[in-house]
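Asker: Quick one: this structure, given as structure tokens, is what I'll be asking you about.
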Amino acid sequence: MNRKVLFTPNEIEQFFENFNNEVFSFDTETTSLVYSEIKLEGISFCDGDNNAYIVLQGRDSKGNILFKNEFKKSIIDYLRGIFKKAKILIGHNIVYDLKVMHKYGIPFEHCELYCTMIADHLLDETRPHGLKDLAKQFLGVEITEYSNATFTSKFFEYAMNDALWTWQLCTLQKPLLQEQGLLKLFRDIEMPFQKVLVDMAVNGITVDKERVEKTTKEVKQKVEDLTVQMLEHIKEPYSMQVTLTGDSNVISKINFNSPAQLSDLLFTRLGLDVVERTPSGQPSVGRKTIAIYKKHPFVELLNKYKIASKLLHAFFEPMLDFVEADGKVRPSFKDTGTVTGRLSCSKPNLQQLPKVNKDMPIDTRQCFVADRGYKMVTCDFSGQELRVLTQITQEPVLIDTFNSGKDMHLATANDFFDLGIPEECLYTYNDKFDMYKDKFKNERDKAKIVNFGMAYGKGAYGFSQDFGISEEEAQKILDKYFAALPAVKKAIEECHNQVRKTGYVTSLTGRRRRFNAKEFNGNKFYPNSAFRQSFNFLIQGFSADMIRIAMTKVREMAKNYPQWGLKTIFTVHDEAGYLIKENYVNEASEKIKETFENAVNFCIPVIADIGIGDDYSESK
DNA sequence: TGGTTCAGCGCC
DNA sequence: AAAGGGCGCTGAACCA
Numbered sequence: 014m015n016r017k018v019l020f021t022p023n024e025i026e027q028f029f030e031n032f033n034n035e036v037f038s039f040d041t042e043t044t045s046l047v048y049s050e051i052k053l054e055g056i057s058f059c060d061g062d063n064n065a066y067i068v069l070q071g072r073d074s075k076g077n078i079l080f081k082n083e084f085k086k087s088i089i090d091y092l093r094g095i096f097k098k099a100k101i102l103i104g105h106n107i108v109y110d111l112k113v114m115h116k117y118g119i120p121f122e123h124c125e126l127y128c129t130m131i132a133d134h135l136l137d138e139t140r141p142h143g144l145k146d147l148a149k150q151f152l153g154v155e156i157t158e159y160s161n162a163t164f165t166s167k168f169f170e171y172a173m174n175d176a177l178w179t180w181q182l183c184t185l186q187k188p189l190l191q192e193q194g195l196l197k198l199f200r201d202i203e204m205p206f207q208k209v210l211v212d213m214a215v216n217g218i219t220v221d222k223e224r225v226e227k228t229t230k231e232v233k234q235k236v237e238d239l240t241v242q243m244l245e246h247i248k249e250p251y252s253m254q255v256t257l258t259g260d261s262n263v264i265s266k267i268n269f270n271s272p273a274q275l276s277d278l279l280f281t282r283l284g285l286d287v288v289e290r291t292p293s294g295q296p297s298v299g300r301k302t303i304a305i306y307k308k309h310p311f312v313e314l315l316n317k318y319k320i321a322s323k324l325l326h327a328f329f330e331p332m333l334d335f336v337e338a339d340g341k342v343r344p345s346f347k348d349t350g351t352v353t354g355r356l357s358c359s360k361p362n363l364q365q366l367p368k369v370n371k372d373m374p375i376d377t378r379q380c381f382v383a384d385r386g387y388k389m390v391t392c393d394f395s396g397q398e399l400r401v402l403t404q405i406t407q408e409p410v411l412i413d414t415f416n417s418g419k420d421m422h423l424a425t426a427n428d429f430f431d432l433g434i435p436e437e438c439l440y441t442y443n444d445k446f447d448m449y450k451d452k453f454k455n456e457r458d459k460a461k462i463v464n465f466g467m468a469y470g471k472g473a474y475g476f477s478q479d480f481g482i483s484e485e486e487a488q489k490i491l492d493k494y495f496a497a498l499p500a501v502k503k504a505i506e507e508c509h510n511q512v513r514k515t516g517y518v519t520s521l522t523g524r525r526r527r528f529n530a531k532e533f534n535g536n537k538f539y540p541n542s543a544f545r546q547s548f549n550f551l552i553q554g555f556s557a558d559m560i561r562i563a564m565t566k567v568r569e570m571a572k573n574y575p576q577w578g579l580k581t582i583f584t585v586h587d588e589a590g591y592l593i594k595e596n597y598v599n600e601a602s603e604k605i606k607e608t609f610e611n612a613v614n615f616c617i618p619v620i621a622d623i624g625i626g627d628d629y630s631e632s633k
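In terms of the numbering used here, the first sequence opens at residue 14 and continues consecutively.
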């Protein structure tokens with residue numbers, strides 16, 4: 014292997030004379046992980062024969078800049094030309110590198126991508142996917158923890174290794190992907206989707222900081238008021254403290270955030286009966302307890318306190334820390350964050366924005382706004398998981414319900430509880446549909462719980478808890494469900510057999526979920542949780558790939574309509590968020606909806622709903 | 001001081 | 001004995 018550290022334009026040009034410009038691995042070294050602050054420090058390359066690190070800026074182990082390459086600007090110009098000729102780019106966590114390149118205007122749109130981190134996640138959805146982890150496992154590289162003293166002198170070598178290892182991993186992974194039937198998923202779904210991830214990482218979402226600040230104060234006041242009211246209710250002494258910054262605090266011996274203190278308060282001091290226990294056997298003060306005692310004046314306050322305190326600490330207070338200098342948050346969407354193939358999201362986690370609660374009408378979604386001249390458009394799959402369940406199982410009853418445009422939950426309720434709703438009134442467009450939906454809201458909600466519970470592998474015990482009925486009665490519900498939908502039962506059994514036989518299941522896109530067998534007396538067996546997970550994976554995992562396909566297609570489609578100014582800004586499982594220039598919002602929305610609905614070919618219609626507004630609350 | 005685990009709870 | 005899938009984030013409690 015020809016290995017070199019390159020500083021000058023001459024050295025660099027010489028290196029690329031003998032370099033395979035069409036297919037290579039590369040890795041960027043940067044100064045910061047915050048998008049607005051990212052600066053290129055250097056780039057390493059490898060084509061299998063040649064391996065180099067181009068130094069644009071040097072730093073010591075403490076991050077101090079040692080020197081700047083005086084040719085940085087012209088080198089980056091030169092590299093634009095190199096990448097322009099590239100056909101396949103190989104990287105580890107390539108979304109990160111592409112993000113950096115986007116910032117420097119280095120082209121990659123024309124390239125096919127190969128990400129060794131994503132490939133590894135497809136090969137094993139549970140292990141760590143760090144480059145060093147993989148180099149150790151697959152390349153037998155000894156990873157020595159470097160000390161600060163040797164860091165600087167070894168830095169260039171480490172940097173070169175990143176591109177080298179990435180290249181070598183790629184070579185090793187390809188046959189493994191092939192063997193396990195993962196190539197199609199990798200090439201046709203995951204890799205094109207990486208560009209969508211880059212879009213989201215670059216675009217970010219604008220936050221209305223004033224609103225966040227204003228609402229933070231409001232919620233803070235609520236938390237304080239409720240704390241005082243609770244203390245007065247239990248006649249606990251307290252005092253008010255005003256800090257130098259003008260904030261006020263309630264000082265007391267009781268901490269309402271402590272589960273231990275709370276359980277002492279409720280079950281000893283107030284004499285309530287314990288309704289649930291934690292896995293470790295402690296009396297629990299959770300949702301269920303609160304629901305049962307919701308009429309109790311103290312618990313009523315506690316309920317509101319919990320909601321307000323959650324909003325304050327898990328959403329409003331941390332939010333401003335995530336806002337970058339340009340007024341945007343850039344949540345980190347991780348493509349390898351879950352075992353099912355869903356994305357995970359953090360900093361901030363848009364997947365868990367509290368919905369408006371009737372006991373606490375605070376709307377977190379109003380904090381995320383469309384940029385000037387743009388509208389926010391969201392597009393979500395309607396009833397995605399049940400439609401996927403239908404496609405997977407090919408259950409005729411479900412197929413008929415969806416094909417005829419009936420409301421699934423009301424149809425289920427009608428069958429289950431013998432509601433006697435005339436069949437034609439189950440169609441969502443029927444005049445009497447809304448009336449029946451309203452009249453049998455309870456039954457429909459129960460049916461909804463059953464429909465989703467089935468997909469998650471819920472048992473008789475779970476349903477008995479949901480509905481406050483005996484396990485025997487709950488078992489009857491289960492039996493009835495499976496009797497009415499035999500193909501669902503069959504599909505679940507086949508899935509479980511697959512686990513028993515091979516230890517893994519494969520979704521419709523070829524994604525795998527593997528399970529570890531336990532051994533007892535020489536017998537291999539899987540815990541019940543593995544069976545629940547396996548069938549749920551078929552639904553959840555496919556749904557995740559379905560939105561990957563849809564978002565990738567929207568991205569491709571939008572290239573034909575540059576006037577829209579379409580920007581992909583986020584996704585939440587079955588939903589995607591876009592910015593569209595105001596004048597084109599209707600035209601674009603229609604095309605997005607169409608693209609989502611035609612993303613996959615099902616035996617039933619796929620329906621997507623559009624929302625349009627100036628902020629995420631309006632567009633939802 | 002920092003790390004981990006647990007309980008709890010937000011979302012799809 | 002456990003008892004519905006998948007996450008991330010918080011504070012409390014505990015440990016070194």
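Think of the CB as a built atom: it goes at the ideal place given N, C-alpha and C, for glycine as much as any other residue.
No experiment lies behind these values; they were computed from the predicted model shown.
Is the Cβ-Cβ distance between Tyr494 and Met467 less than 8 Å?
Answerer: Taking the first residue of the first sequence as position 1, residue 494 is located at position 481. Taking the first residue of the first sequence as position 1, residue 467 is located at position 454. Against a cut-off of 8 Å, the Cβ pair of Met467 and Tyr494 comes out as a contact.
Asker: Can you give me the start and stop residues for the alpha helix (DSSP H) that Thr41 sits inside?
Answerer: The residue labelled residue 41 in the question sits at position 28 within the first sequence. That residue, Thr41, is in no alpha helix (DSSP H); its beta strand (DSSP E) goes 36 to 43.
Asker: Can you tell me where the beta strand (DSSP E) holding Asp587 begins and where it ends?
Answerer: Within the first sequence, numbered from 1, the residue matching residue 587 stands at position 574. No beta strand (DSSP E) holds Asp587; DSSP gives it neither H nor E.
Asker: Which residue from Gly284, Lys323, Ile462 puts its Cα closest to that of His309?
Answerer: Sequence index remark: in the first sequence, residue 309 carries index 296 (1-based). When each option's Cα is compared against that of His309, the closest is Gly284.
Asker: Are the beta-carbon atoms of Tyr117 and Val236 separated by less than 8 Å?
Answerer: Position 104 of the first sequence, counting from 1, holds the residue named residue 117. Position 223 of the first sequence, counting from 1, holds the residue named residue 236. No, these two residues do not count as a Cβ contact at 8 Å.
Asker: Exposed or buried, what is Tyr474 when buried is set at 16 or more other beta-carbons lying within 10 Å of its beta-carbon?
Answerer: As a first step, residue 474 is located in the first sequence; it is residue number 461 there, counting from the start. Exposed, because fewer than 16 other Cβ atoms sit within 10 Å of the Cβ of Tyr474.
Asker: Starting from the Cα of Phe169, find the closest Cα among Thr240, Asp62, Gly55 and give me that residue.
Answerer: One-based indexing of the first sequence puts residue 169 at position 156. For the residues Thr240, Asp62, Gly55, the minimum Cα distance to Phe169 belongs to Gly55.
Asker: Taking a contact to mean a Cβ-Cβ separation below 8 Å, would you say Ala500 touches Glu408 in this structure?
Answerer: The residue given as residue 500 occupies position 487 in the first sequence. The residue given as residue 408 occupies position 395 in the first sequence. It is a contact, given that the beta carbons lie within the stated cut-off.
Asker: In terms of residue numbering, what span does the beta strand (DSSP E) encompassing Gln254 cover?
Answerer: Against the first sequence, residue 254 aligns to sequence position 241. That run of the beta strand (DSSP E) goes 251 to 255.
Asker: Report the three-state DSSP secondary structure of Thr519 (helix, strand or coil).
Answerer: For this step, residue 519 is matched to residue 506 along the first sequence. In the structure shown, Thr519 sits in a strand (DSSP, three-state: E or B).
Asker: Compute the beta-carbon to beta-carbon distance between Ile101 and Cys124, rounded to the nearest angstrom, for a pair I have assumed lies under 8 Å.
Answerer: The count along the first sequence starts at 1 and reaches residue 101 at position 88. The count along the first sequence starts at 1 and reaches residue 124 at position 111. Correct: roughly 6 Å between the Cβ atoms.
Asker: If you check the beta carbons only, do Asn370 and Ile303 fall under 8 Å apart?
Answerer: Counting from one through the first sequence, the residue named residue 370 turns up at place 357. Counting from one through the first sequence, the residue named residue 303 turns up at place 290. Not closer than 8 Å, so no.
Asker: Distance, Cα to Cα, Asp90 vs Asn23?
Answerer: Working through the first sequence from its first residue, we reach residue 90 at position 77. Working through the first sequence from its first residue, we reach residue 23 at position 10. Cα-Cα distance, rounded: 14 Å.
Asker: Quick check: what's the CA-CA separation for Thr565 versus Ile107?
Answerer: Here the question's residue 565 lines up with position 552 in the first sequence. Here the question's residue 107 lines up with position 94 in the first sequence. Whole-angstrom Cα-Cα distance: 17 Å.
Asker: Skipping 5 residues on each side, what residues in its chain have a beta carbon closer than 7 Å to that of Arg400?
Answerer: Counting from 1 along the first sequence, the entry for residue 400 is found at position 387. Excluding sequence neighbours, Arg400 sits near Phe415, Phe615, Ile617, Val619.
Asker: Give me, in chain order, the residues of the same chain whose beta-carbon lies closer than 8 Å to that of Val463; leave out the 5 immediate sequence neighbours on both sides.
Answerer: The count along the first sequence starts at 1 and reaches residue 463 at position 450. The answer, listed in chain order, is Thr425, Phe429, Phe476, Ile490, Tyr494.
Asker: Among the candidates Glu486, Val36, Gln70, Glu249, whose CA atom is the shortest distance from the CA of Thr21?
Answerer: One-based indexing of the first sequence puts residue 21 at position 8. Out of Glu486, Val36, Gln70, Glu249, Gln70 has the C-alpha closest to the C-alpha of Thr21.
Asker: Can you tell me where the alpha helix (DSSP H) holding Ala487 begins and where it ends?
Answerer: Residue numbering aside, residue 487 sits at position 474 when the first sequence is read from its first letter. Taken as a continuous stretch (DSSP letters only), the alpha helix (DSSP H) holding Ala487 covers 484 to 497.
Asker: What does the alpha-carbon distance come out to for the pair Asn63 and Arg16?
Answerer: Here residue 63 refers to the residue found at position 50 of the first sequence. Here residue 16 refers to the residue found at position 3 of the first sequence. Roughly 6 Å separates the two Cα atoms.
Asker: Would Phe58 and Ile103 qualify as a contact pair, given that the criterion is a beta-carbon distance under 8 Å?
Answerer: Position 45 of the first sequence, counted from the first residue, corresponds to residue 58. Position 90 of the first sequence, counted from the first residue, corresponds to residue 103. No.
Asker: If you follow the beta strand (DSSP E) that Phe639 is in, where does it begin and where does it stop?
Answerer: The shown model of the chain, from 14 to 633, leaves out residue 639, and the question about it has no answer.
Asker: Would you mind working out which of Ala99, Arg93, Tyr66, Leu53 sits nearest Lys81, comparing C-alpha positions?
Answerer: Numbered from 1 along the first sequence, position 68 holds the residue referred to as residue 81. Lys81 has its Cα closest to that of Leu53, out of Ala99, Arg93, Tyr66, Leu53.
Asker: In whole angstroms, what separates the C-alpha of Lys248 from that of Lys266?
Answerer: Position 235 of the first sequence, counted from the start, is the residue given in the question as residue 248. Position 253 of the first sequence, counted from the start, is the residue given in the question as residue 266. Computed Cα separation, rounded: 12 Å.
Asker: Could you give the uninterrupted runs of the beta strand (DSSP E) lying entirely in the segment 331 to 416, keeping only those of 3 residues or more?
Answerer: Listed in chain order, they are 345 to 347, 357 to 359, 387 to 394.
Asker: Would you list the residues sitting across from Lys419 in a DSSP beta bridge?
Answerer: Translated into the one-based positions of the first sequence, residue 419 becomes position 406. Paired residues: Tyr440.
Asker: Could you check what DSSP says for Gln70 in three-state terms: helix, strand or coil?
Answerer: As a working note, residue 70 is residue 57 in the first sequence. Three-state DSSP puts Gln70 in a strand.
Asker: Say whether the segment 548 to 565 touches the segment 518 to 538, bearing in mind that this needs 3 or more beta-carbon pairs closer than 8 Å, one atom from each stretch.
Answerer: The segment 548 to 565 vs the segment 518 to 538: in contact.
Asker: Could you give the distance in angstroms between the alpha-carbon of Lys85 and the alpha-carbon of Gly396?
Answerer: Here residue 85 is taken as the residue at index 72 of the first sequence, counted from 1. Here residue 396 is taken as the residue at index 383 of the first sequence, counted from 1. Near 52 Å, if we compare the C-alpha coordinates of Gly396 and Lys85.
Asker: Apart from the five residues just before and just after Phe121, which ones in its own chain have a Cβ nearer than 7 Å to its Cβ?
Answerer: Numbered from 1 along the first sequence, position 108 holds the residue referred to as residue 121. Cβ within range, chain order: Phe96, Leu102, Leu111, Met114.
Asker: Look at the alpha carbon of Val390 and the alpha carbon of Asp212, and state the distance between them as a whole number of angstroms.
Answerer: Here residue 390 refers to the residue found at position 377 of the first sequence. Here residue 212 refers to the residue found at position 199 of the first sequence. Answer to the nearest angstrom: the Cα atoms are 16 Å apart.
Asker: So, with DSSP's three-state summary, where would you put Asn262?
Answerer: Locating residue 262 in the first sequence gives position 249, counting from the first residue. In this structure, Asn262 counts as strand in the three-state DSSP scheme.
Asker: How long is the line joining the alpha carbons of Asp622 and Lys606, rounded to whole angstroms?
Answerer: Here the question's residue 622 lines up with position 609 in the first sequence. Here the question's residue 606 lines up with position 593 in the first sequence. Distance between the alpha carbons of Asp622 and Lys606 is about 7 Å.
Asker: Between the alpha carbons of Glu203 and Leu315, how many angstroms are there, rounded?
Answerer: Within the first sequence, the letter at position 190 stands for residue 203. Within the first sequence, the letter at position 302 stands for residue 315. Roughly 45 Å separates the two Cα atoms.
Asker: Secondary structure at Val501, three-state DSSP: helix, strand or coil?
Answerer: As a first step, residue 501 must be located in the first sequence, where it is residue number 488. Of the three classes helix, strand and coil, the one that applies to Val501 here is helix, per DSSP.
Asker: What residues in its chain sit with their C-beta under 6 Å from that of Gln488, if we drop five residues either side in the sequence?
Answerer: Within the first sequence, numbered from 1, the residue matching residue 488 stands at position 475. Closer than 6 Å at Cβ, skipping near neighbours: Ala473.
Asker: Checking 8 Å against the spacing of the C-beta atoms, do Phe528 and Gly470 come in under that value?
Answerer: Numbered from 1 along the first sequence, position 515 holds the residue referred to as residue 528. Numbered from 1 along the first sequence, position 457 holds the residue referred to as residue 470. For Phe528 and Gly470, no; Cβs fall outside 8 Å.
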